[in-house]
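What follows is a set of notes on a single structure, which appears directly below.
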Amino acid sequence: MRVPRLTSMSFLNKKIISFEPEVFGVDLSDLSVKIMQLERDGKLEKVRGYAVADIPAGYIEDGKIIDKDKVAAIIKDAVKKAGPQKIKGNRVICSLPESKAFLRIVSIPKMEKEEAREAIKWEMEANIPLPIEQVYFDWQFLETDSTQKQNVLTAAVSREIVDDFMDVLKKSGLEVYGLEVESIASARSLVPWEIKEQGGALIVDLGAQRTSFIMVERGVPNFTSSIPFSSESINDAISKGLNIDLTEAEKTKLAHGIADGKDNPIFNVLKSLLENLVQEIERTLDFYAGISKENSAVEKVILCGGGSNLKGLVGYLGERLGKKIELGDPWINLKMGKSIPIISKENADRYSTAIGLALRGLDYEN
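According to this note's numbering, the sequence shown is numbered sequentially starting from 1.
Here it is, written out as structure tokens:
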């Protein structure tokens with residue numbers, strides 16, 4: 001029997017009375033927007049349309065939308081250009097920036113959902129750095145073996161950020177049916193359904209401007225954090241270390257990576273950065289082991305994001321951490337039969353959040 005898809009907690013859910021909800025995903029970040037729509041063909045699932053568009057620096061800064069009109073125009077154009085087939089409808093689920101979200105697990109006495117809201121609200125007030133009236137929040141009961149306590153996944157995001165995202169999506173001609181924190185969408189696409197029987201997993205999302213850590217237990221993100229390590233910092237170090245410009249540094253990184261260790265000049269340039277990454281992963285695992293309510297063993301570390309395809313990185317981290325390291329496969333939870341994904345596994349890593357949002361859209365009515 002197939003395990004149900006990961007948490008569908010969202011800051012907005014609208015009712016759809018339709019046999020085909022036609023809701024697609026929009027992953028909006030500081031430097032890009034990614035569009036993804038999935039559809040069913042009999043018992044199989046496939047990509048109907050997708051697109052990616054760059055967003056110039058300064059239009060969005062650390063999750064804050066600075067130029068709404070220009071960002072809206074980029075989103076609108078990306079939706080129009082999506083292929084191989086046109087995007088159906090204008091209903092969307094959009095990502096919210098991880099850096100602006102507060103994701104926590106809280107415990108309350110066992111009670112019915114109708115009674116839980118006020119208890120959860122009081123717990124959240126004690127666990128987020130903003131006044132409760134300045135955030136939108138949502139929550140979802142988690143599975144627990146306790147007969148006395150109920151664990152609850154909570155998420156809160158600044159009202160200002162949410163309102164800005166809503167505004168720019170409406171300017172794009174889109175109707176918002178859901179807003180979801182990046183980590184929840186990424187976990188939905190990257191963590192196999194059977195992970196509930198295999199213990200926990202750590203997702204390491206190596207992005208253009210930061211690296212996010214997402215601890216997942218029983219298929220649900222329980223804890224997130226981030227560090228400045230990024231694709232941009234790697235390129236900058238290579239540029240300075242080898243005395244080449246940033247464009248050439250990117251090409252050199254992709255061509256050679258860090259394979260061959262000490263015999264590779266790129267590895268020597270990046271050694272201190274990579275060691276910092278290892279230490280931060282170890283700290284994250286140690287910290288989470290201390291606060292975990294389930295004491296689940298971390299069975300694997302999943303790499304995703306544009307920086308995850310650095311040649312030799314999987315082997316290096318596996319050796320240094322003594323854990324199973326693998327590149328994330330965001331297609332792993334789709335029923336695709338024998339068909340080959342339209343985007344290769346190597347290039348699909350950067351679409352992990354968009355695919356997770358599209359999966360939510362595919363099962364929206366459920």
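Heads up, the beta-carbon is just placed ideally off N, CA and C, and yes, glycines get one too.
In the structure shown, what three-state DSSP assignment does residue i receive?
i    : result
F24  : strand
A119 : helix
L153 : strand
Y50  : strand
S230 : coil
G257 : coil
A101 : strand
Q37  : strand
V269 : helix
Q134 : helix
S29  : coil
K248 : This sequence places Glu at residue 248; Lys is not what is there. Note: E248 maps to helix in three-state DSSP.
R91  : strand
D349 : helix
Pick out whichever of the options has its Cα sitting closest to the Cα of residue i.
i    : options                : result
V191 : N90, I74, P131, I302   : I302
A249 : W331, L327, L310, R350 : L310
I105 : Q279, L44, S226, L153  : L153
K251 : N235, K240, D263       : N235
L313 : T353, N264, L357, R283 : N264
E112 : E160, R360, Q150, A72  : Q150
M215 : Q209, S226, G200       : G200
K88  : A237, M36, E115        : M36
Y50  : T147, I343, E365       : I343
Q134 : A116, A156, T147       : A156
Q148 : K80, P109, E114        : P109
E280 : R320, L242, I132, G63  : R320
I63  : G25, I203, E160, E299  : First, the residue type needs correcting, since residue 63 is Gly and not Ile in the sequence shown. Checked all of G25, I203, E160, E299; the closest Cα to G63 is E160.
P221 : N243, S233, F141, G173 : F141
E299 : K335, R218, T247, A237 : R218
So, for residue i: in the same chain, excluding its five sequence neighbours on each side, which residues have a beta-carbon less than 8 Å away from its beta-carbon?
i    : result
G207 : S29, S230, S231, G305, G306, G307
K68  : D164, D167, V168, K171
D349 : L303, C304, G305, G306, S308, N309, L327, G328, P330
V162 : F11, L96, Y136, L179
H398 : Residue 398 cannot be examined here, being either before or after the span of the chain that is shown, 1 to 366.
S370 : Residue 370 lies beyond the residue range present for the chain, which begins at 1 and ends at 366; the question has no answer from this structure.
Identify the continuous alpha helix (DSSP H) that holds residue i and give its terminal residues.
i    : result
I343 : Segment: none, I343 is in no alpha helix (DSSP H) and carries neither H nor E.
R159 : 159–171
T147 : Here T147 belongs to no alpha helix (DSSP H), and DSSP marks it neither H nor E.
G361 : 352–362
R188 : 182–190
I128 : Per DSSP, I128 belongs to no alpha helix (DSSP H) and is neither H nor E.
Over what stretch of residues does the beta strand (DSSP E) that includes residue i continue unbroken?
i    : result
G200 : 200–206
V314 : Note, V314: premise wrong, no beta strand (DSSP E); alpha helix (DSSP H) at 313–321.
I55  : Run containing I55: none; DSSP gives neither H nor E here.
Using the C-alpha atoms, what's the distance from residue j back to residue i?
i    : j    : result
K253 : D245 : 12 Å
I120 : S186 : 25 Å
K271 : W193 : 35 Å
L327 : I66  : 33 Å
Y177 : P97  : 17 Å
D286 : L274 : 18 Å
I355 : D205 : 14 Å
D41  : S183 : 28 Å
E143 : R188 : 17 Å
V79  : G322 : 43 Å
D27  : P228 : 20 Å
T211 : Q85  : 33 Å
I128 : F102 : 7 Å
E45  : P341 : 10 Å
R2   : A358 : Unreliable positioning characterises R2 in this predicted model, as indicated by a pLDDT of 33, which lies under 50. A coordinate reading is not provided.
S239 : V269 : 9 Å
G372 : V47  : The question about residue 372 has no answer, for the chain in this structure spans 1 to 366.
C94  : E125 : 26 Å
R283 : G315 : 20 Å
T7   : L334 : Its pLDDT being 48, under 50, T7 is placed unreliably in this model, and the value from its coordinates should be taken loosely. Cα to Cα, the separation comes out at about 16 Å.
Looking only at its own chain, which residues have a Cβ that is under 6 Å from the Cβ of residue i, when we skip the five neighbours before and after it?
i    : result
L362 : L38
L317 : I325
E175 : N90, R91
E118 : none
Y288 : M215, F223
Y58  : It should be pointed out that residue 58 corresponds to Gly in this sequence rather than to Tyr. Nothing listed; no residue qualifies.
E123 : V106
Please return the same chain residues whose Cβ sits closer than 7 Å to the Cβ of residue i, not counting the five positions on each side in sequence.
i    : result
I74  : V33, A53, I55
N276 : F229
S352 : S186, S189, L190, C304, G328, P330
K76  : S172, G173
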